[in-house]
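Residue numbers (the numbering used here), protein chains in the order written: chain A, 31 to 175; chain B, 30 to 428. One structure is given below, encoded as structure tokens.
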């Protein structure tokens, strides 16, 4: 286990998403402190990854909406292999947002050691600025500083 | 109306494989020519008899691009002076097996009668200048589904597969001792495969002491990049009377995607996207999991094999740990001999096609010192995970 990292200190280098009209709100919403996920105005279904049609009712009335920025750890791994040279241990996690069952995001957990992580652990979003207006949504245990 | 199971119009008439190893110093085209010509010869044919060609993943994945794929279809057609009525090279579909299924479909439609199908890798050569890389080297920006994985350092399928492993450890009591049986079994079988990359004994203590890659997956849970090419010749069943070897029929293919095809958006963490092609395949088969005599299940990571064991119904969801306890059931003399040439974990990452080659070898009874008793009559082959997965049932003789 191990892998306790802080925001800004998870990886020495991160690949960045290429921004487009569909994903811009998700990747930049953190500037205002908001985790934005596409939701259908007609049927209420949350769709991630962000796409221009609701994947339940195919409505075009889909737009980024503010989430509570809260979720639970669905599963995770402590990554050891330095895929990026110079990286130390870090936690990659799948977080299920509270808004909808199966609304998953891959992320990094911060401010927690791998040995403390449990499936179902409650977590909240914290953003890491990555340049070019991109704010990566990371998660930490609720109430953790 | 009688239901058409058109893949049964095809049988494996020939198999061939190039030299297999690390940094062989052979070009991707040389490896491919070795395998393709060997398969054609094994089928009792000459290149002029071949009227179809299929490959995975097609052009654009050669050594310079990382060695994930060899030369593309048209390049090989040209190199061998073939004249074909049909060809295909494609990445998307039921994982690597789609290239074989495409060949079956060409035969079923009458577009071709003798199709050679190949898969070439040169990842050992491509990675010779450094360690095994994750995805995304040199990318300016990531788009598509990988944009939601790579920025978080989830740069390898090791991380994505570790999700399933961690879930099985926490929810179903899978342990390193049980998961390790996949690697130990592969190594024991590789000892009897002269082409295998790793043949020295591997003990449970060795496994448990190995360094972690992505918890709970360790080094021995990951396959070994290699150079090599594997080919099969598929022929129409109406040529079977002339076959040089016992025909190995394609009994059923599984190609479905009913859930979300994704590494991290699959709805049910207890299963994986192999679930759908597995169900699809059994719906097209006249036999069931209990009839399978030998299994060649994808082991790019040991955990993927675990997921296929469950998806294909060899045990229930979450029960693979118990199934693997002690390793006896998956041994060559067990109830379900598994990855009998060592799989990719010890045999080398021939990326799916090595498993097909071994399934045919076993069904023919040509396994030599590693031949399972019988010889077996029904083999299951599974490839892939994440957004791409597929499976095949092969039978000795025509059912």
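We treat Cβ as the ideally placed atom computed from N, Cα and C, and that holds for glycine. Fair warning: this is a prediction, and the values are worked out from it, not measured in the lab.
Taking a cut-off of 8 Å on C-beta distances, the stretch 151–160 of chain A does not touch the stretch 48–55 of chain A, as fewer than three cross pairs fall below it. Ranked by Cα distance from residue 39 of chain A, the first of A:55, A:141 and A:72 is A:141. For residue 405 of chain B and residue 303 of chain B, the gap between their C-alpha atoms comes out near 24 Å. As DSSP reads the structure, residue 325 of chain B sits in a beta bridge with B:410.
Against residue 171 of chain B, the close residues of chain A are 45, 46, 47 and 48, in the order they occur along the chain (beta-carbon pairs closer than 8 Å). Between residue 42 of chain B and residue 291 of chain B, the C-beta spacing is not below 7 Å. Straight-line spacing of the CA atoms in residue 408 of chain B and residue 210 of chain B works out to 21 Å. Rounded to the nearest angstrom, the gap between the Cα atoms of residue 169 of chain A and residue 110 of chain A is 19 Å. Residues of the stretch 55–85 of chain A that bring their beta carbon within less than 8 Å of a beta carbon in chain B comprise 78 and 79, in sequence order. Of the other Cβ atoms in all chains shown, 16 or more fall within 10 Å of the Cβ of residue 189 of chain B; this residue is therefore buried. Across the set B:296, B:237, B:372 and B:394, the C-alpha of B:372 shows the shortest separation from the C-alpha of residue 227 of chain B. Here residue 241 of chain B carries a strand assignment [DSSP, helix/strand/coil].
In the three-state DSSP reduction, residue 287 of chain B falls in the coil class, being neither helix nor strand.
Counting along the chain, the unbroken beta strand (DSSP E) around residue 154 of chain A starts and ends at 152–161. Using a CB distance cut-off of 7 Å, residue 181 of chain B counts as an interface residue toward chain A. Contact of residue 157 of chain A with chain B is not assigned, every C-beta pair being separated by 7 Å or more. Secondary structure at residue 190 of chain B: helix, using DSSP grouped into helix, strand and coil. When secondary structure is reduced to three states using DSSP, residue 142 of chain B falls in the coil class, being assigned neither helix nor strand.
Here residue 297 of chain B is exposed: its Cβ has fewer than 16 other Cβ atoms, across all protein chains shown, within 10 Å.
Residue contact check for residue 169 of chain A against chain B: no CB pair falls below 7 Å. Between the stretch 39–54 of chain B and the stretch 74–82 of chain A, the count of C-beta pairs closer than 8 Å stays below three; the two stretches do not touch. Any Cβ of chain A closer than 7 Å to the Cβ of residue 293 of chain B would place that residue at the interface, and such an atom is present. If you check the CB distance, residue 377 of chain B and residue 49 of chain B come in under 7 Å. In this structure, DSSP gives residue 95 of chain A an extended state, which the three-state scheme calls strand. Annotation: Cβ neighbours of residue 188 of chain B in chain A (cutoff 7 Å, chain order): 107, 109 and 122.
A distance of 7 Å or more separates the beta carbons of residue 250 of chain B and residue 143 of chain B. Its chain contains 256 as the residues whose beta carbon lies nearer than 7 Å to that of residue 53 of chain B, once the 5 sequence neighbours on both sides are disregarded; these appear in chain order.
Per DSSP, the unbroken alpha helix (DSSP H) holding residue 65 of chain B starts and ends at 57–71. Where residue 126 of chain A is concerned, there is no enclosing alpha helix (DSSP H), although the beta strand (DSSP E) around it starts and stops at 120–127. Excluding its 5 nearest sequence neighbours in each direction, residue 57 of chain B has C-beta neighbours in its own chain below 6 Å: 91, 92, 99, 100, 149 and 151, listed in chain order. Membership of residue 374 of chain B in any beta strand (DSSP E) is not indicated; the residue belongs instead to the alpha helix (DSSP H) covering 372–376.
The Cβ atoms of residue 98 of chain A and residue 126 of chain A do not sit closer than 7 Å to each other.
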